[in-house]
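Structure (structure tokens):
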């Protein structure tokens with residue numbers, strides 16, 4: 022087993038109701054594989070990443086470690102990750118206990134990370150104020166509305182703001198994982214890990230995956246009629262006279 026002396030960081034993954042377990046266990050495996058790549062390059066004394074899983078205690082008064090890749094040494098997570106949720110942000114349960122713990126750990130120097138809807142947990146902890154942050158492109162409006170002091174940018178897949186790192190889509194945990202591997206174990210180990218897992222190194226954007234979704238709940242019947250027509254017709258004939266005629270309005274309206 023890798024000894025405590027070779028541990029360069031402890032990354033804690035948060036378990037909460039309806040968390041995406043594929044991200045939790047996928048990141049756990051990714052960091053282990055990165056450690057193996059590091060070991061192949063540097064031998065038995067090569068650096069490795071300790072991974073732990075954390076869940077809010079049943080009584081809601083604390084946070085418990087429920088998995089540890091390198092048991093023994095006292096815990097001191099240097100990085101904490103809020104993984105994606107399998108349900109929409111509006112249905113996610115309030116997580117005051119976890120949010121308070123995240124804020125406390127951040128105040129003690131930990132780097133906090135999120136993937137997809139995990140950004141809402143960072144926002145609940147008050148850690149997105151004045152920050153650039155990303156989430157799934159479909160959640161951008163809701164994240165900005167709930168945390169207006171955050172600067173939401175869903176064009177980018179990963180936004181590394183030093184002590185706060187956010188990643189976009191539900192499978193962007195691979196991008197976040199490789200970003201942390203590069204930071205902690207170096208670019209060579211990151212690239213070898215990406216090649217082994219057949220995944221792209223960080224640098225993707227969300228733009229190829231997103232599309233414009235217009236608001237339909239504005240209450241303007243004439244505009245809604247035009248929106249439905251544009252959607253049905255593929256927006257082929259969309260000059261002003263045609264739009265005005267479809268809406269039953271004057272062009273200057």
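Numbering (the numbering used here), first residue to last: 22 to 274. Note that beta-carbon positions come from the ideal geometry of N, C-alpha and C, so glycine has one too.
Taking all protein chains in view, the Cβ of residue 219 is surrounded by fewer than 16 other Cβ atoms within 10 Å, so the residue is classified as exposed. Annotated three-state conformation of residue 31 is strand, per DSSP. Of all alpha-carbon atoms in 187, 170, 126, the one lying nearest the alpha-carbon of residue 156 is that of 187. Counting only runs that start and end inside the segment 172–219, the alpha helix (DSSP H) elements of at least 4 residues fall at 194–206, 208–218. Rounded to the nearest angstrom, the gap between the Cα atoms of residue 30 and residue 185 is 16 Å.
DSSP, reduced to helix, strand and coil, places residue 96 outside both helices and strands of the structure shown, so it counts as coil. The beta-carbon separation of residue 45 and residue 104, rounded to 5 Å, stays under the 8 Å limit for a contact.
Under the DSSP assignment, residue 74 falls in the beta strand (DSSP E) whose first and last residues are 69–77.
Under the rule that a run must span 4 or more residues, the alpha helix (DSSP H) segments found entirely inside the segment 87–168 read 117–128, 140–145, 161–167. Counting along the chain, residue 170 sits inside no alpha helix (DSSP H), nor does DSSP assign it H or E at all. The DSSP-derived three-state label of residue 270 is coil. With contacts defined as CB atoms closer than 7 Å, residue 263 and residue 272 fail to qualify as a contacting pair. Selection 117, 108, 55, 62 evaluated against residue 80 yields 117 as nearest (Cα-Cα).
When DSSP states are grouped into helix, strand and coil, residue 85 belongs to the strand group.
Taking a cut-off of 8 Å for Cβ pairs, the segment 164–175 and the segment 128–136 do not touch, as fewer than three such pairs fall below it. The closest CA to that of residue 122, considering only 54, 49, 142, is found on 142.
In this model, residue 212 and residue 161 are separated by some 30 Å (Cα to Cα). Between residue 55 and residue 149, the gap from beta carbon to beta carbon reaches 7 Å or more. The straight-line gap separating the alpha-carbon atoms of residue 182 and residue 64 is approximately 32 Å. Between the C-alpha atoms of residue 86 and residue 225 there is a straight-line separation of about 33 Å. Sequence-distant Cβ neighbours of residue 153 in its own chain, meaning closer than 7 Å and more than five residues away, are 172, 174, 180, 182. Under the DSSP assignment, residue 226 falls outside any alpha helix (DSSP H); it carries neither an H nor an E label.
Exposed is the label assigned to residue 217, since fewer than 16 other Cβ atoms lie within 10 Å of its Cβ. Counting only the Cα atoms, residue 43 lies some 14 Å from residue 139. Per DSSP, the continuous alpha helix (DSSP H) segment holding residue 45 begins and ends at 42–63.
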